[in-house]
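Residue numbers (our numbering): 5 to 174. For reference, the structure discussed in these notes is given below.
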């Protein structure tokens, strides 16, 4: 049985991951409306990843006999006025999620819940990758976004991204 505080934080994370998916779908819609279908694709895949992360947390809780409570998902509140806005908001959001994962990890460590810490190890690594990808996308946009031809090529590059389900074993 999981420590009550750890279980609560994991349950909160389920909902945070679903919010992340919702946020990235909002970004995807913004880019689709602006005609940048590659950027829209990139964020649609991000949304799929976040949804799967939520499902992994749910499964972990269920595997440990814990009740999963799904709360209402907040409406994304980011005001998107430029092509760069979703990129910066996405990077900030990934940093927030990293902090949330670290908080759960710390709570599990305090009660010597090594199984949960091992489960979270994958998410710690994943968050490092997510932050690197988000920051890299900002750098590419800063370099090429003001040139319409380069922006077109970057959009095509992002449109080639395909979804790959996480390979975490519970």
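Where is the CB? At the ideal position from N, CA and C, for every residue including glycine. Source: prediction; values computed, not measured.
I'd like to check one pair, residue j with residue i: are the Cβ atoms closer than 8 Å?
i	j	result
residue 101	residue 131	yes
residue 60	residue 145	no
residue 45	residue 165	yes
residue 128	residue 109	yes
residue 84	residue 15	no
residue 13	residue 117	no
residue 135	residue 98	yes
How long is the line joining the alpha carbons of residue i and residue j, rounded to whole angstroms?
i	j	result
residue 48	residue 158	16 Å
residue 24	residue 38	21 Å
residue 18	residue 76	11 Å
residue 125	residue 28	24 Å
residue 43	residue 119	37 Å
residue 171	residue 106	21 Å
residue 123	residue 57	12 Å
residue 62	residue 113	20 Å
residue 32	residue 41	8 Å
residue 81	residue 9	28 Å
residue 26	residue 78	9 Å
With 16 other CB atoms within 10 Å as the buried threshold, where does residue i fall?
i	result
residue 21	buried
residue 50	buried
residue 168	exposed
Could you pull out every residue in the same chain whose Cβ sits closer than 6 Å to the Cβ of residue i, ignoring the five residues on either side in sequence?
i	result
residue 94	138
What does a CB cutoff of less than 8 Å around residue i pick up in its chain, not counting 5 residues either side in sequence?
i	result
residue 148	154, 155, 157, 158
residue 74	18, 19, 22
residue 36	44
Excluding the 5 residues preceding and the 5 following residue i in the sequence, name in chain order all residues of the same chain whose CB lies nearer than 7 Å to its CB.
i	result
residue 11	65, 70
residue 34	84, 90
Within the region 117-148, ranges of the beta strand (DSSP E) (whole runs, at least 3 residues): none
Only counting runs of 4 or more residues, tell me where the alpha helix (DSSP H) segments fall wholly within the region 34-122, in order along the chain. 41-67, 88-114
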